[in-house]
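Protein chains in written order, with the working numbering: chain Y, 180 to 524; chain A, 8 to 523. Idealized CB from N, CA, C, for every residue including glycine. Just so you know, these numbers come straight off a predicted model, no measurement behind them. One structure is given here, and the rest of the page talks about it.
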């Protein structure tokens, strides 16, 4: 704030207004965080029903490991959704990256697997992005095709049998490894959260992503390279998904043909629960992270409560419906507030 | 429908039968009091003009009356409806017909189907085999003739119509709906002068049928041609209701802006114009509807481009700024051939294009003023792709002050009035320090006060040696603003005028001639 030139009266005036409304802004921000409330409610339920087990170190580590992989995929989904697109191929792409990384050259090293997984993810993203950005195809249809294609390749590559990499032991070690008590996979996820937040909020690229999602005509007219930016978004999303595939290998030390199955549903739901607008142009990294945690907690809680695996899927689906309904309540409330709230100053 | 021939109406204007009453109407948006206690009455068979600068609250009033928006306080009662109107459905039941600024047309329906659009949801008859309205009947033809669209086929798709024709098509629905109150919200904004007579005739018919008409506009000559009474709003308050017969545009303008408007100054003559290489030189340009257009713009010159809708004026503007690719022809910047395949290539060469469609192309709707103003120049405010937010914040604050934009850097641009939105767009582009600026309809939907601001900015641009091209469908605007005016017709430049000697009449005649 100190950087504003105090010599210009109108400028100074706005500065004061902004300072004044900061308290209100925090209150207003809290009001909009429906995802956070869902999370708090879930944690309360967890504490009451299975408190001692839930908050135990083993379970929390497990929880963090669970959310790390999907967390990275949610970030990929978020940046695509911000442009007004959607990527339903993330689950299949993750599976493909995982099995190829495990099987190529026999999976001799963890680092080589990382490179392979990133390349596979990047290629899938680049194909998706090229078709969407330069061929003008619908993201839904493009990634629907990719979903089937990648999953088919996954089955074909391993003939339906799990592929165990040669360096399975080092993978397992990595999956178990912790740094000051936090699983390394979770640290990787958090690093990616920081990276994506930085890219979206602090770079020209991030501003362009929001501009394209909100109003592609205005972005184009303002000289923003719309196609190249869109392409880069899908490529980055692909790389993140590839990283997710590698993390999957680290966690399970095996490339199963069902790796990442139906992950796209959770990723999209987490993004939407986090408050992002599917039409693009609006959405926050923080919300996506909260969405991720909600899904991990609910899965964890249902296991702790001994709910059958089949019913767990139903619960997850129900949660998506509830959360999305809440999100629409939030939007209409906002609209109402816009039109009825008297002048604040 | 019977409403088509409603000349048997018994009400005469002299009886001043009240059609609607607004008492103490208030409408507050966060940070803005759009309307702050307005009392207004409308009479059957009479036309009420609602005038005001942008942000005065005139469109808000229209929206409240039509029930599209809800009041913060106050009451609007409509004669013959037993309680105050609370929403759009009730307003419609009460007989309010709203004609929006953007015509509600379904592109994939035929002209005839668009006329009868309201029939689609009338009644509760959802039987799939229920008989449809014949959208190609003689009656439909008659309705279309009533709004000057008699030459159109009812089977033609609405997407092929020009903007003026779309507006008239939407107006044609007045003849097929039951209504007692008709609101024309800036309805003439997208129509050219040629359609105004049709609107006048329509309004005259409606008046005779006893409809109370509200005409929201800031085109004062049209307001005076159409209205019986004129209500002037300023900053959300009703300033005065005048009898159109006893008033004049100057008086209304003064009331609208609260002070006498100083006459627009002619631009300063171009400094040593001869012998300089033109900033922009276009030769035999084809693209869009432009066919073989050639012209030069010198440093410090403001060139006007006049033409009717569809004459190719916007095609020229978009082609020479890279908004659409040229088909053939040469574009020279400072004497050097350039190609402009994308808008980005125009930006990088110092060419700015201020669009005529602000909402669609001018600004990003989820961005605040600051983000919109820095959108184009953001790379310059960053290092290695990372935005220097302190630099950005400081600069946009300065810009807000410099261009006197209402609201701060954190206000969403979409919530501002048209004039303030345009200032944001102007700031965004001039921040790129362009050599050549193209303004497409720079004052469309902008009130007199903000207009003067925009004109001043254009003059100062020219005074700093920049080349400016102003595209407009308002002859008067170009005559007072430009050094030279080109008139386009059928995609070609047909004539050139010196604004010192030319008149509005000359321009319109040239633009219209040999067109039917």
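### Message
Distance cutoff 8 angstroms, beta carbons only. Does residue 403 of chain Y sit that close to anything in chain A?
### Response
At least one beta carbon of chain A lies nearer than 8 angstroms to the beta carbon of residue 403 of chain Y.
### Query
Quick one: does residue 454 of chain Y have its CB under 8 angstroms from some CB of chain A?
So no, residue 454 of chain Y is outside the interface.
### Task
Whole angstroms is fine: what's the gap from residue 475 of chain Y's alpha carbon to residue 242 of chain Y's?
Whole-angstrom Cα-Cα distance: 7 angstroms.
### Message
residue 213 of chain A and residue 189 of chain A - do their beta-carbons sit closer together than 8 angstroms?
### Response
Result yes, Cβ atoms of residue 189 of chain A and residue 213 of chain A sit closer than 8 angstroms.
### Query
Using 8 angstroms as the limit for Cβ to Cβ distance, is residue 394 of chain Y near chain A?
yes
### Query
Taking 7 angstroms as the cut-off, does the CB of residue 45 of chain A come closer than this to any heavy atom belonging to the ligand NAD?
Inclusion of the ligand NAD in the displayed structure is not the case, the ligand content being empty and no account of it being possible.
### Task
Counting only runs of 4+ residues fully inside the segment 272-312 of chain Y, write out the alpha helix (DSSP H) ranges in chain order.
289-312
### Task
For residue 136 of chain Y, go through chain A and note every residue whose CB falls closer than 7 angstroms to its CB, in chain order.
Nothing can be reported for residue 136 of chain Y, as the shown portion of chain Y is limited to 180 through 524.
### Query
Taking only beta-carbon atoms, is residue 354 of chain A less than 8 angstroms away from chain Y?
Interface residue, yes.
### Message
Does the segment 284-304 of chain Y come into contact with the segment 437-449 of chain Y, if we say contact requires no fewer than three beta-carbon pairs (one atom in each stretch) closer than 8 angstroms?
### Response
no
### Query
DSSP state of residue 449 of chain A, grouped into three classes?
Of the three classes helix, strand and coil, the one that applies to residue 449 of chain A here is coil, per DSSP.
### Query
Is there a Cβ from chain Y that is less than 8 angstroms from the Cβ of residue 88 of chain A?
no
### Best match in A:111, A:405, A:466 and A:263 for proximity to residue 277 of chain A [C-alpha to C-alpha]
A:466
### Contact list for residue 399 of chain Y against chain A, beta-carbon separation under 9 angstroms
330, 349, 350, 351 and 368
### Query
Considering residue 525 of chain Y, what are the terminal residues of the alpha helix (DSSP H) in which it resides?
Chain Y is shown only over 180 to 524; residue 525 of chain Y falls outside these bounds and no answer can be derived.
### Message
Quick test of the definition: if touching needs 3 or more C-beta pairs under 8 angstroms, does the segment 375-393 of chain A touch the segment 422-441 of chain Y?
### Response
no
### Message
Here's the rule: buried if 16 or more other CB atoms are within 10 angstroms of the residue's CB, otherwise exposed. What is residue 507 of chain A?
### Response
exposed
### Query
What did DSSP end up calling residue 48 of chain A once you bin it into helix, strand or coil?
For residue 48 of chain A, the secondary structure class from DSSP, reduced to helix, strand or coil, is strand.
### Task
Let me know the secondary structure DSSP gives residue 524 of chain A once reduced to three states.
The requested residue 524 of chain A is not part of the displayed model; chain A covers only 8 to 523.
### Message
Between A:290, A:150, A:242 and A:390, which has its C-alpha nearest residue 33 of chain A's C-alpha?
### Response
Nearest C-alpha to residue 33 of chain A: A:242.
#### Entry: Three-pair Cβ contact test at 8 angstroms for the segment 481-491 of chain A versus the segment 302-309 of chain A
yes
### Message
Strictly by DSSP, which residues pair up with residue 441 of chain A?
### Response
Among the bridge pairs identified by DSSP, residue 441 of chain A is matched with none.
### Task
Would you decide whether residue 267 of chain A is buried or exposed? Buried here means 16 or more other CB atoms lie within 10 Å of its CB.
Low local confidence applies: a pLDDT of 48 at residue 267 of chain A is under 50, so the model's placement there is unreliable, and no value is given.
### Query
Would a check of beta-carbon distances place residue 65 of chain A closer than 8 angstroms to chain D?
No chain D is present in this structure, whose protein chains are Y and A.
### Query
Considering only residues of the same chain and omitting the five flanking positions on each side of residue 284 of chain A, which have a CB-CB separation below 7 angstroms?
341 and 342
### Query
Under the DSSP definition of a beta bridge, which residues are partnered with residue 82 of chain A?
The partner list for residue 82 of chain A (beta bridge, DSSP) reads A:30.
### Query
Along the chain, which unbroken stretches of the alpha helix (DSSP H) at least 4 residues long are found entirely within the segment 60-129 of chain A?
You should have 65-72, 95-100 and 118-122.
### Query
To the nearest whole angstrom, what separates the beta carbons of residue 258 of chain A and residue 400 of chain Y, a pair I think is in contact under 8 angstroms?
Between residue 400 of chain Y and residue 258 of chain A the Cβ distance is about 40 angstroms, and since that is not below 8 angstroms, they are no contact.
### Message
In the DSSP assignment, the beta strand (DSSP E) including residue 347 of chain A goes from what residue to what residue?
### Response
No beta strand (DSSP E) holds residue 347 of chain A; DSSP gives it neither H nor E.
### Message
If you reduce the DSSP assignment to three classes, tell me which class residue 247 of chain Y lands in.
### Response
Looking at residue 247 of chain Y - three-state DSSP - the assignment turns out to be helix.
### Message
Helix, strand or coil, according to DSSP, for residue 203 of chain A in the structure here?
### Response
Looking at residue 203 of chain A - three-state DSSP - the assignment turns out to be helix.
### Message
Counting only Cβ pairs nearer than 7 angstroms, list the residues of chain Y close to residue 32 of chain A.
### Response
In chain order: nothing, as chain Y lies at least about 14 angstroms away.
### Task
Note down the Cα distance separating residue 470 of chain A from residue 440 of chain A, rounded to an integer number of angstroms.
14 angstroms
### Query
When DSSP labels each residue in this structure, what does residue 480 of chain A get in the three-state scheme?
coil
### Residues of its chain near residue 437 of chain Y, where Cβ-Cβ distance is below 8 angstroms and the 5 sequence neighbours each way are ignored
274
### Query
Going along the chain, which residues of its own chain have a beta-carbon closer than 7 angstroms to the beta-carbon of residue 240 of chain Y, five neighbours each way excluded?
362
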